[in-house]
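A short write-up of the structure that comes next.
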Amino acid sequence: MVSLDGPGFHVDIEVLEGAAKGIAQSVHDQQSFALRGLCGDAALYGHSGLHSALADYCARWSQGLDTLTEDAEVIGDCLKHVAEAYRGTDAAAAEKLRVDPGEAAVED
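So for the sequence shown, the working numbering puts the first residue at 14; every next one is plus one.
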């Protein structure tokens, strides 16, 4: 597991990447399921008013889920970019620090 530590913080990059992937999967799952069509035809209910009320509820609920999904997609993208930035920073630091600067202090 790759982690970055510094004064007052600890970052597990794989955890960030896992969260971003999990959110992306949830967004995909929601986008491929339309709650609007869940209630079916009016004939299934025997009462057009009941069907209309359920259809309206499903449409409104689906709109709310769409809004949450959009927000989740933004959050997932941000987590992905943060993980990429940490990986880039870690790689750049590894290039600069070919030896451990604290090694001499430990060996003394």
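Note that beta-carbon positions come from the ideal geometry of N, C-alpha and C, so glycine has one too.
Note to self: So, at 7 Å on beta carbons, what are the nonlocal neighbours of T82 in its own chain, with the 5 sequence-adjacent residues on each side left out?
What the structure shows: V40, Q43 and Q44
Item checked: Counted within 10 angstroms of its Cβ, other Cβ atoms place G53 as buried (16 or more) or exposed -> The Cβ neighbour count for G53, taken over all protein chains shown within 10 Å, is under 16; the residue is labelled exposed.
Note to self: Measuring only the C-alpha atoms, how far is D84 from K93?
What the structure shows: In a straight line, the C-alpha of D84 is about 14 Å away from that of K93.
Notebook entry, point to check: Between which two residues does the alpha helix (DSSP H) containing V24 stretch?
Noted result: Run containing V24: none in the alpha helix (DSSP H); it sits in the beta strand (DSSP E), F22 to D25.
Check: What separation, rounded to the nearest whole angstrom, lies between the Cα atoms of A96 and A47?
Finding: 31 Å
Check: Taking contact to mean at least 3 C-beta pairs separated by less than 8 Å, is the segment 22 to 40 in contact with the segment 66 to 80?
Finding: no
Next item on the list: Using the Cα positions of D25 and D103, report the straight-line distance between them to the nearest angstrom.
Entry: 12 Å
Notebook entry, point to check: Whose C-alpha, out of E27, I36, P20 and A118, is nearest the C-alpha of V87?
Noted result: I36
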